[in-house]
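Numbering (my numbering), first residue to last: 413 to 773.
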């Protein structure tokens, strides 16, 4: 019985990799843009989680750009069909992108952890758990990036050009620690999937308040929980693929498949962690749809207050007071439906409506 393997075909997963990653980049750009618009123009402030998410997005774009260059040199193709220069350059850009990818996923998770802290209030156990995961995310991911770039000492080029004959650490050292780091990221994603649901379930409010806050928080957190569960699945798959990497493998092909999962994880974290922050934009859109002839005035008619949900009591995270000016038309035959008649004629009146929007964001 013939047990020989069929000959390799010069195929590539590079096109799939780039198509997926740049599509996710476009979606992430839109979601992050809406998040920043909501913070800057509706809530009138950006906070630490927003700036961390901007940093995460910048890092993953740099990573995707390096991977694009690597695909140009042969990433995603079988190494048997590449010459030495192609393999070296493909590995060079993969090596350069790795630190940016690790930083992106880590900043994204830390950003969402900081966002969750405002809902935890005085629940000390949950708060310290969040701080613990923030610290371990920073520590383990930083160590992973450091190990990548120091394993050949001062001979950085030896990381991608093995023909230099430089003595480096065994590649199994980096592989095994990366396996641990990816497993910990999977555990963190699982924690970030469960924690938002426990926040909603443990609120101690009266029935009406609990129903309202549960709906408000629950819908957003359900979305983000599903998203982080997807990131958890991708981290698990990445763990398995790390075990498959090692000396003697078809490195350019295997790394191409690996980065489909690795970089998708970073984009999914950015998208999922940004979804709950869009709630004020959604509510504003619904108000505009209900009354398209009202005009919001920001500035002198606006006030803010910020507290938290503490001690089991419901307190407003964001209290936005807005002034809406509408044209009144008590005179028969006069219509105020046109934007040209924001102010009514001389005998008409200006109707001033104060809308108070309490946002748990």
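Positions of the beta carbon are idealized from the N, C-alpha and C atoms, including for glycine. Being a predicted model, the structure only gives us computed values, none of them experimental.
In three-state DSSP terms, what is residue i?
i: residue 424; result: strand
i: residue 490; result: coil
i: residue 578; result: coil
i: residue 662; result: coil
i: residue 540; result: helix
i: residue 534; result: coil
i: residue 553; result: helix
i: residue 596; result: helix
i: residue 694; result: helix
i: residue 572; result: coil
i: residue 743; result: The predicted model places residue 743 with a pLDDT of 42, which falls under 50 and marks its position as unreliable; any figure quoted below should be read in that light. Note: residue 743 maps to coil in three-state DSSP.
i: residue 732; result: Because residue 732 sits at a pLDDT of 43, beneath the cut-off of 50, its placement in the model cannot be relied upon, and the following sentence gives the value as read from the coordinates. Residue 732: strand per DSSP, three-state reduction.
i: residue 432; result: helix
Skipping 5 residues on each side, what residues in its chain have a beta carbon closer than 7 Å to that of residue i?
i: residue 681; result: 517, 520, 521 and 643
i: residue 514; result: 553, 556 and 557
i: residue 431; result: none
i: residue 440; result: 469, 679, 682 and 683
i: residue 751; result: Interpretation of residue 751 is limited by its pLDDT of 44, a score under 50 that renders its predicted location unreliable; the figure taken from the coordinates is listed afterwards. Taken in chain order, the list of residues that qualify is empty.
i: residue 600; result: 521, 545 and 549
i: residue 686; result: 443, 444, 447 and 465
i: residue 671; result: 429 and 479
i: residue 410; result: For residue 410 there is no data in the structure shown, the boundaries of the chain being 413 and 773.
i: residue 426; result: 483, 487, 488, 489 and 668
i: residue 696; result: 454
i: residue 467; result: 519
i: residue 580; result: 563, 564 and 570
i: residue 638; result: Per-residue confidence for residue 638 stands at a pLDDT of 48, beneath the threshold of 50, marking its modelled position as unreliable; the derived number appears in the next sentence. Here the set comprises nothing.
Going along the chain, which residues of its own chain have a beta-carbon closer than 6 Å to the beta-carbon of residue i, five neighbours each way excluded?
i: residue 424; result: 488 and 489
i: residue 585; result: none
i: residue 472; result: 516 and 678
i: residue 433; result: 476 and 675
i: residue 505; result: 478, 481 and 482
i: residue 662; result: 490 and 491
i: residue 526; result: 460 and 461
i: residue 485; result: 498, 501 and 502
i: residue 422; result: 493
Enumerate in chain order the residues of its own chain whose CB-to-CB distance from residue i is below 8 Å, with the five nearest sequence positions on each side excluded.
i: residue 555; result: 589 and 593
i: residue 568; result: 561
i: residue 512; result: 471, 472, 474, 475 and 478
i: residue 437; result: 472, 473, 476 and 679
i: residue 452; result: 458
i: residue 420; result: 490, 492 and 493
Using CA coordinates, which residue listed in the options is at the minimum distance from residue i?
i: residue 447; options: 529, 524 and 602; result: 524
i: residue 781; options: 473, 435 and 500; result: The first residue shown for the chain is 413 and the last is 773, placing residue 781 beyond what the model contains.
i: residue 442; options: 683, 695 and 433; result: 683
i: residue 548; options: 603, 455 and 465; result: 603
i: residue 493; options: 665, 565 and 464; result: 665
i: residue 480; options: 491, 461, 502 and 497; result: 502
i: residue 449; options: 595, 505 and 690; result: 690
i: residue 541; options: 565, 579, 459 and 610; result: 610
i: residue 596; options: 565, 581 and 551; result: 551
i: residue 574; options: 428, 455, 591 and 497; result: 497
i: residue 570; options: 429, 508, 696 and 670; result: 508
i: residue 583; options: 577, 598, 564 and 576; result: 564
i: residue 535; options: 607, 694 and 669; result: 607
i: residue 591; options: 559, 694 and 700; result: 559
i: residue 510; options: 587, 698 and 700; result: 587
Span of the alpha helix (DSSP H) holding residue i?
i: residue 688; result: Taken as a continuous stretch (DSSP letters only), residue 688 belongs to no alpha helix (DSSP H), as it is neither H nor E.
i: residue 565; result: Run containing residue 565: none; DSSP gives neither H nor E here.
Subject >> Unbroken stretches of the alpha helix (DSSP H), 4 residues or longer, contained in the segment 456 to 512 >> reply: 460 to 485
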